[in-house]
Structure formats: C-alpha cells, structure tokens
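Respectively, the protein sequence lines represent chains Y and W.
Numbers 173 to 401, taken from the numbering used here, label the letters of the first sequence in order.
Numbers 5 to 79, taken from the numbering used here, label the letters of the second sequence in order.
We treat Cβ as the ideally placed atom computed from N, Cα and C, and that holds for glycine.
These numbers come from a predicted model, not from an experiment.
Okay, so here's the structure we're looking at.
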Amino acid sequence: MNRMNGNEVAAGVPTPEAVLLAKLRAGDEAAFAALVDGLNCRLQALAATFTSSPALAEDIVQETWLGVIRGLDGFEGRSSLRTWIFSILIRRARTLAAREARRAGVVSANGAAPDQEEWDLGRGRVGLWEAAPEPWTLDTPEQVVQGLEALEIVRTALDGLPESQRQVVLLRDVEDVPASDICNILDLTETNMRVLLHRGRARIRRALDLYLREGTRPATAHTPVQETR
Amino acid sequence: MNCKEALDVVSEALDETLEESARREFLEHMDRCSACRTYVEQIRVSVQALKSLPKSGRPNGRRAEIIEAYRKKFR
C-alpha cells in the first residue's frame with residue numbers, strides 16, 4: 173500500500189522538503205552544507221539547554237549531525253526533517269549531558285535557579301490580583317519586536333529560563349515546531365508541555381515588563397564557562 | 005470563565021487551539037476584564053518577540069568535520 177506523507181510525492185508534485193531529502197540521500201554536498209549552515213546555531217541553542225559547557229554543546233551538535241548522516245536513509249517522514257533533527261539532538265543531548273553530569277558528580281546541568289513561578293495551572297497568576305498588570309506605553313506592540321534592545325532582553329530572559337521551560341519555548345515559539353511534535357520529542361504530556369510553555373512565556377513577559385516600565389535589565393543568565401576540555 | 009481559568013488557557017488561546025466553547029468563554033472574559041486583557045496582550049507581544057529573535061549565530065567550529073563525515077558516507 174502506498175503510504176502518503178509530507179515527504180513523499182503527492183499528486184506528482186514533490187514538496188520542497190521531499191526534493192531536499194532526495195538530494196541529501198543522493199550525496200548532494202551543497203544541499204547538506206546549506207542544511208548545516210541554516211540549522212547549526214539553532215541546534216547549538218537547543219544543545220545549550222542541556223549543559224552549561226559550550227564544548228559539550230558542540231559535541232552534542234556534532235553527534236546530532238553524525239546521527240542525521242547515519243539516519244537519512246531510514247528517515248520515514250513522520251515529522252518534518254527539522255523536527256526529526258531536533259529529536260536526534262535531544263536524544264544525544266540527554267545521553268551526553270547525563271554522562272558528563274555523572275563524570276562531574278553533579279545531579280543536573282540546569283544552571284537556572286528555581287524561583288517562584290509567576291503562573292501555575294489551576295492557581296492563576298500568583299499575585300496578579302494584588303497588582304493588576306499595567307499596560308505598556310507603546311504606540312504599537314510591534315515596537316517591542318522591532319527594538320534591538322528589547323530583543324536582547326528577551327534573549328537574555330530566554331537563556332535564563334529553567335532548562336525544561338527553555339526547551340519548550342525554544343521549540344514552540346522560536347522554532348515554531350508543532351505542539352504535538354514537541355510532546356513526542358521531549359516525552360511530555362500535553363498538559364505538562366502547556367504548563368512549561370506558559371510558565372516560560374510568563375517569565376519572558378515579566379522580563380519585558382520590568383524593562384519597559386522600569387528600564388530594568390535582567391542579569392545575564394550565563395557567565396562564560398571556562399574551557400577545561 | 006474567571007481570571008484563573010482564563011489564565012490557564014492563555015497559551016492555547018494564543019496558539020488558537022482552544023475548542024470553540026472554551027474560546028467563546030475566554031473571549032467573553034477578555035471583554036469584561038481589563039487586567040486579563042492587558043496581561044494576555046503582553047504575553048502575545050512576548051511570544052511575538054520570541055518569534056522575531058534572530059536565528060543566526062556564530063559559525064560552527066566543526067563544520068568542516070561534519071561535511072567531511074557526510075562526504076565519506078558517499079565515497
């Protein structure tokens with residue numbers, strides 16, 4: 173029986189992804205290099221959610237690409253190529269980060285300090301009704317997304333999220349991966365995914381709120397890690 | 005829907021994955037609660053900002069090794 177999916181030819185017209193996949197399977201080096209160049213720093217960002225070591229993050233990304241090269245022929249197209257690559261990264265990252273943590277004798281590589289969540293499922297927004305949010309004095313919301321400084325605030329706040337929130341927010345909002353794919357590749361129930369997503373978004377909002385109303389910049393989330401390897 | 009219930013579904017509402025009846029209740033709540041309206045708008049702008057983050061970064065120091073591994077597969 174002919175199974176149809178996003179990576180196979182539908183009604184004789186191959187999708188751009190099917191074309192790319194065919195090139196990658198045929199050994200088209202330029203296509204592979206373009207894929208690496210387009211995705212690499214995004215993989216680096218995702219890898220960095222599993223470890224505070226830049227060297228280990230690079231290992232994770234490299235192993236991911238090796239996994240992609242090995243797995244190309246077996247890729248069944250049940251998700252997009254990009255989602256498949258993210259899922260390889262997450263599997264490799266978990267293995268490598270756990271090994272590294274055992275070696276270093278630490279329980280978790282999560283650098284973010286746990287603090288009170290602004291929002292909890294079923295509890296509403298903690299403290300919201302003691303002090304209702306004040307509107308941001310912006311002519312248009314687009315001012316926020318156009319301002320380089322505000323985007324820096326968002327980037328710093330994102331880097332400072334606890335790792336599980338950062339993974340979900342990165343995949344969902346920054347990378348636009350479908351929610352159901354995120355549940356699959358991170359092994360989360362839909363409810364857990366939604367809680368993590370909203371908690372992460374709430375923290376980003378809080379950072380923007382502090383910046384827009386009070387000019388407060390969040391502390392840099394990560395101090396550079398000394399290279400020891 | 006009260007404030008607490010509305011906030012539980014903010015992300016779904018913004019992602020437009022709420023079921024029709026819940027969506028209606030959510031919008032009704034937004035109509036009458038300015039605090040929630042402000043909050044949800046700010047979450048929406050925050051998500052928009054996340055989507056606008058530049059996706060470029062420093063080049064990969066191991067690019068050559070990775071491309072070489074690909075080349076080897078087809079040798």
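S251(Y) places its beta carbon 8 Å or farther from that of D359(Y). When Cβ-Cβ separations below 8 Å define contact, R66(W) makes contact with chain Y.
In this structure, I257(Y) places its C-beta atom within 8 Å of the C-beta atom of V240(Y).
Under the three-state reduction of DSSP, V185(Y) is assigned to strand. The beta carbon of V341(Y) lies closer than 7 Å to those of L330, L333, L369, G372, R373 in the same chain, with the five residues before and after it left out.
The Cβ of V317(Y) sits closer than 8 Å to at least one Cβ of chain W. Here N6(W) is exposed: its Cβ has fewer than 16 other Cβ atoms, across all protein chains shown, within 10 Å.
Per DSSP, reduced to three states, the secondary structure at L22(W) is coil, with no helix or strand assignment. Taking 8 Å as the upper bound on Cβ-Cβ separation, chain W lies near residues A322, L323, V326, R327, L330 of the segment 320 to 333 of chain Y.
With contacts defined by Cβ atoms closer than 8 Å, I47(W) and V14(W) form a contacting pair. Listed by position along chain Y, the residues whose Cβ is nearer than 7 Å to that of R27(W) form an empty set, because the closest Cβ is around 15 Å away. The three-state secondary structure of N364(Y), taken from DSSP, is helix. Using a Cβ-Cβ cut-off of 7 Å, F78(W) is close to G199 of chain Y, given in chain order. Collapsing the DSSP output to three states places F204(Y) in a helix.
Interface with chain Y (8 Å Cβ-Cβ cutoff): E69(W) is included. C-alpha of I260(Y) to C-alpha of A304(Y): approximately 43 Å in a straight line. Contact of I241(Y) with chain W is assigned, a C-beta pair being separated by under 8 Å. At a cut-off of 8 Å between C-beta atoms, P305(Y) counts as an interface residue with respect to chain W.
If you check each beta-carbon in the segment 6 to 26 of chain W against every beta-carbon of chain Y, the ones closer than 9 Å belong to N6, C7, K8, E9, A10, L11, D12, V13, V14, S15, E16, L18, D19, T21. Counting C-beta pairs with one atom in each stretch, the segment 217 to 232 of chain Y and the segment 264 to 275 of chain Y have three or more that are closer than 8 Å, which means they touch. Among the residues facing chain W, Q234(Y) is included, as its CB has a counterpart in that chain under 8 Å away.
Counting C-beta pairs with one atom in each stretch, the segment 228 to 244 of chain Y and the segment 67 to 79 of chain W have three or more that are closer than 8 Å, which means they touch. Under the Cβ distance rule, W256(Y) does not count among the residues neighbouring chain W, no pair being separated by less than 8 Å.
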